[in-house]
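FYI, the numbering for the sequence shown is 1 to 477, going by UniProt numbering. Some notes on the structure that comes next.
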Amino acid sequence: MNSAVKSRIQAFGGFLTGMVLPNIGAFIAWGLLTALFMPNGYFPNETLDAMRPFMLRFMLPTLMAYSGGKAVYKSRGAVIGVIATFGVIAAAEVPMFIGAMVMGPLAALVLKKFDGLIDGKIKSGFEMLVNNFSLGIIGMLIAILGNLTFSPMILGLNEFFRIAVEALVDRNLLFAMPIFTEPARMLFLNNAISQGIMNPMGIQDAAEAGQSVFFLLTSNPGPGLGLLLAYWKFGKGNAKDNAPSAAIIHFFGGIHEMYFPYVLMKPVLIISTMVGWMCSNLFYNLTGAGLVAYPSPGSFISYMLMTPPGEHIKIITGVAIGIVVSFAIASPILKADKKVYTEEDLAISTDKVQELKGKKKPATSQPVAEATTVSAVASGIPMTKDVSLIVFACDAGMGSSAMGCSVLKKKVKNARLDIEVIHSAIEEIPADRAQIIVCHESLKDRAKRIAPEAYFVTVSNFVNAPEYDKLVSDLSN
């Protein structure tokens, strides 16, 4: 794929993810309400179930619009994004998730451009007046435009997706989706496909049926577990030794990135996970299975919590099919492989995942030993008595970066350092309090624009970074 095209796809996928991931808790709240109190739920309750359609139609699209606007133009973008989105919400009876994803960022971008045009041209003392009225007037105009013009277009787009999806469901073709989604999600569009596409489609589907198969199509922990179990049983060297812990984190923690490096060490193994997904999805499609909300993270625990009453055996069977098929295909491939995988092989594959996802620059022509060496902490670290907060800054806010923060927090606690360690999106770094910022090496420039005075520690592997020990050692000494 052309690097420029790939970069644009990554950026777009990251933007979609950024509108959904911060609001996962709200989606889960809606899903739990659905599972507990809908007419065929665990505890049917007409009064409590009445909250569900209002959350679906108003709260969830509003939160997505807020996040999308904020990503474009911070707090002013968030507010005008919500205003503009209500224009399309009011014009439709269906949940306007696509409308929120379009109107929120669009309105924020228009306001940002307007503020840029008038920057420096407002008389002193009138800044607040102009800022408030410009936001209100522009927001109103875009809301009206959305209501009269964009809303019919977005409804047409919704209808197109609905017809296309129904055609796939009616022909039992949803099982074939992993042929496209598995390579894409593993290399650079994991969160974008799951959170930016499947989640909104599933919510609209579940609004009518009470559950949706779309919540199952990219969140099943079975195929990845089957691959990791095959490595544990038939793998060699460090890959075999690390597979059990990776399997636990993947299956119960829901962090699917744990199995990606194992595929990249031997790319032919993508066949095992791909076919595992296909068989699970075919079973779910044929049996009419579905979840009430997206299981985020995609762990077995989330699966059970989001399963409708009486459907647990069906959901567990689909997961088991993915495990067995993936294991059965990966096992003979690993048996025939005579290579003993070292820790360096696993590290290279992990770095390759980050590179393909756009989070790591491609290796240069340096020797392998140099290219895979992780950078050391530079000199100039603040004195321990002056450090009260370490910020672990990340992009999407979930997955391996959250694990990295937990690892660092435990190391700081074990060293008995009286220092708080928090997890933060780059745009939300508390610049006035952050003395030390830990982030992925590809994110340093972005983070430095937010907190230029902070001391930075960069890593290339969130989970197994030697920089954590070096940082803690330096602070302890």
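C-beta: ideal position from N, C-alpha, C; glycine also. Owing to the predicted nature of the structure, the values given are computational and were not obtained by experimental measurement.
Using a Cβ-Cβ cut-off of 8 Å, state whether residue i counts as contacting chain D.
i, result
"residue 297", "This model lacks chain D altogether, as it is built from one protein chain only."
Suppose contacts are defined by Cβ-Cβ distances below 8 Å. Is residue i in contact with residue j by that definition?
i, j, result
"residue 290", "residue 322", "no"
"residue 278", "residue 175", "yes"
"residue 436", "residue 457", "yes"
"residue 273", "residue 326", "yes"
"residue 240", "residue 337", "no"
"residue 172", "residue 305", "no"
"residue 82", "residue 69", "yes"
"residue 154", "residue 99", "yes"
"residue 183", "residue 270", "yes"
"residue 28", "residue 293", "yes"
"residue 447", "residue 426", "yes"
Since residue i is in the beta strand (DSSP E), which residue starts that stretch and which ends it?
i, result
"residue 455", "455-459"
Indicate the three-state DSSP secondary structure (helix, strand or coil) for residue i in the structure shown.
i, result
"residue 420", "strand"
"residue 438", "strand"
"residue 392", "strand"
"residue 336", "helix"
"residue 443", "helix"
"residue 92", "coil"
"residue 495", "Outside the modelled stretch of the chain, which goes from 1 to 477, sits residue 495, for which no answer is possible."
"residue 148", "helix"
"residue 124", "coil"
"residue 363", "The predicted position of residue 363 is uncertain, since its pLDDT is 47 and thus under 50; a value taken from the coordinates is nonetheless stated next. Looking at residue 363 - three-state DSSP - the assignment turns out to be coil, as it is neither helix nor strand."
"residue 36", "helix"
"residue 299", "coil"
"residue 212", "strand"
"residue 135", "helix"
"residue 174", "helix"
"residue 217", "coil"
"residue 306", "coil"
"residue 311", "coil"
"residue 160", "helix"
"residue 432", "coil"
"residue 45", "coil"
"residue 387", "coil"
"residue 129", "helix"
"residue 379", "For residue 379, the predicted structure reports a pLDDT of 46, less than 50, and the residue's modelled location is therefore unreliable. A value from the coordinates is still provided. Looking at residue 379 - three-state DSSP - the assignment turns out to be coil, as it is neither helix nor strand."
"residue 451", "coil"
"residue 462", "coil"
"residue 415", "coil"
By the 10 Å Cβ neighbour count, where 16 or more other Cβ atoms means buried, how is residue i classified, buried or exposed?
i, result
"residue 25", "exposed"
"residue 139", "buried"
"residue 365", "The pLDDT assigned to residue 365 is 39, lower than 50, so where the model puts this residue is not dependable; a value taken from the coordinates is nonetheless given after this. By the neighbour-count rule (16 or more Cβ atoms within 10 Å), residue 365 is not buried but exposed."
"residue 42", "exposed"
"residue 151", "buried"
"residue 85", "buried"
"residue 106", "buried"
"residue 205", "buried"
"residue 149", "exposed"
"residue 101", "buried"
"residue 268", "exposed"
"residue 38", "buried"
"residue 388", "exposed"
"residue 313", "exposed"
"residue 247", "buried"
"residue 46", "exposed"
"residue 31", "buried"
"residue 157", "exposed"
Starting from residue i, follow the alpha helix (DSSP H) in both directions and report where the run begins and ends.
i, result
"residue 75", "60-89"
"residue 51", "51-54"
"residue 285", "270-287"
"residue 265", "260-265"
"residue 500", "The requested residue 500 is not part of the displayed model; the chain covers only 1 to 477."
"residue 184", "178-184"
"residue 204", "199-209"
"residue 254", "Counting along the chain, residue 254 falls outside any alpha helix (DSSP H), and DSSP gives it neither H nor E."
"residue 107", "97-118"
"residue 294", "First-last for residue 294: undefined, no H or E at that position."
"residue 476", "466-476"
Looking at residue i and the ligand FMN, is the gap between the Cβ and the nearest heavy atom below 7 Å?
i, result
"residue 336", "Looking for the ligand FMN in the displayed structure turns up nothing, as the structure carries no ligands at all."
Between the segment 240-252 and the segment 297-307, are three or more C-beta pairs nearer than 8 Å?
yes
With three or more C-beta pairs closer than 8 Å as the rule, is the segment 65-80 touching the segment 106-122?
yes
At least three beta-carbon pairs within less than 8 Å, the segment 218-229 to the segment 307-322
yes
Inter-stretch contact (C-beta, 8 Å, three-pair minimum) for the segment 113-131 and the segment 57-67
The segment 113-131, when compared against the segment 57-67, does not touch it at the 8 Å Cβ threshold.
Spell out a yes or no on whether the segment 418-427 and the segment 387-396 are touching, meaning 3 or more CB-CB pairs, one atom from each, closer than 8 Å.
yes
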